[in-house]
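Residue numbers (this note's numbering): 31 to 265.
A short write-up of the structure that comes next.
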């Protein structure tokens with residue numbers, strides 16, 4: 031997942047860049063609106079500061095939106111509600127006010143990407159390696175062709191983690207997406223559900239814990255359940 035970061039404040043940009051890299055994103059960082067508009071490589075989302083040295087970020091936002099529907103999150107120190115409203119009205123998908131935490135930005139990126147994805151998401155079963163498939167339309171999971179009995183929350187957790195295999199998801203992101211943004215119960219319930227998925231899907235996927243942050247799902251190499259085929263005997 032590639033992010034175009036348009037931000038002239040170096041400390042803020044470096045903090046965002048390091049945070050995004052830590053969560054599995056690729057980052058292209060530019061410091062002016064002109065440089066942002068000149069980028070020709072593909073990117074999946076734009077983080078756009080309004081206070082750029084060469085032009086108003088709102089003008090950059092408008093120009094980017096005229097080019098296509100790539101998600102845009104505006105980041106700004108401006109406190110005027112008018113700027114936030116105008117930014118959203120001309121095409122921004124979300125607005126983050128400075129100062130902010132990197133985790134908040136990551137959570138907003140995930141939310142914006144989830145909203146942008148449904149139209150393009152395949153409706154049939156999706157395979158993850160040779161052994162696991164998830165059918166989001168039917169809410170069914172199969173391992174080696176056999177349906178796996180999952181509780182509703184186990185399914186929701188697996189569906190969320192398989193949206194971006196290999197990406198690091200914070201505990202807060204997972205709790206908000208799978209449980210509720212206002213969940214006040216113990217977060218140990220997440221560990222219980224992760225343990226259940228590890229047990230039921232052993233060998234097909236691994237759910238790695240990153241201490242103090244969250245979890246990432248890793249798809250096992252494409253090796254069938256009975257292992258690699260033995261080489262043929264010489265004749």
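A virtual CB, placed ideally from N, CA and C, is assigned to each residue, including glycine.
Computed from a prediction, not measured in an experiment: that's the story for all the values here.
N- and C-terminal bounds of the beta strand (DSSP E) containing residue i
i, result
"residue 244", "244-249"
"residue 224", "Taken as a continuous stretch (DSSP letters only), residue 224 belongs to no beta strand (DSSP E), being part of the alpha helix (DSSP H) at 218-230."
"residue 237", "235-240"
"residue 123", "Neither: residue 123 is in no beta strand (DSSP E) and is coded neither H nor E."
Contact belief for residue i with residue j at Cβ below 8 Å, rounded distance in angstroms
i, j, result
"residue 126", "residue 135", "6 Å"
"residue 102", "residue 121", "6 Å"
"residue 117", "residue 100", "Between residue 100 and residue 117 the Cβ distance is about 15 Å, and since that is not below 8 Å, they are no contact."
"residue 81", "residue 106", "6 Å"
"residue 208", "residue 186", "5 Å"
"residue 184", "residue 223", "6 Å"
Where the alpha helix (DSSP H) through residue i begins and ends
i, result
"residue 184", "182-191"
"residue 93", "87-97"
"residue 40", "40-52"
"residue 134", "132-146"
"residue 105", "Note, residue 105: premise wrong, no alpha helix (DSSP H); beta strand (DSSP E) at 102-106."
Nearest candidate by alpha-carbon position, reference residue i, set the options
i, options, result
"residue 173", "183, 199, 207 and 161", "161"
"residue 158", "249, 54, 48 and 107", "249"
"residue 251", "118, 68 and 196", "196"
"residue 97", "81, 105 and 73", "73"
"residue 18", "243, 77 and 207", "Lying before the first or after the last residue shown, residue 18 is absent from the chain, which here runs from 31 to 265."
"residue 199", "182, 218, 243 and 108", "243"
"residue 133", "241, 52 and 231", "52"
"residue 93", "204, 182, 226 and 69", "69"
"residue 181", "36, 240, 106 and 227", "227"
"residue 60", "128, 37 and 246", "37"
"residue 95", "107, 123 and 106", "123"
"residue 239", "220, 231 and 230", "220"
"residue 57", "75, 108 and 184", "75"
Bridge partner(s) assigned by DSSP for residue i
i, result
"residue 165", "170"
"residue 158", "162"
"residue 59", "35"
"residue 77", "35 and 103"
"residue 199", "245"
"residue 177", "172"
task: Please confirm if the stretch 138-147 is in contact with the stretch 59-70, defined as three or more CB-CB distances below 8 Å between the two stretches.
output: Output reads no: the stretch 59-70 does not touch the stretch 138-147.
query: Are the stretch 187-200 and the stretch 226-241 touching, with three or more C-beta to C-beta distances below 8 Å?
result: Segments in contact, yes.
message: Under 8 Å, with one C-beta from each stretch per pair, do the stretch 82-89 and the stretch 43-53 reach the 3-pair mark?
response: They do not touch, by the three-pair rule.
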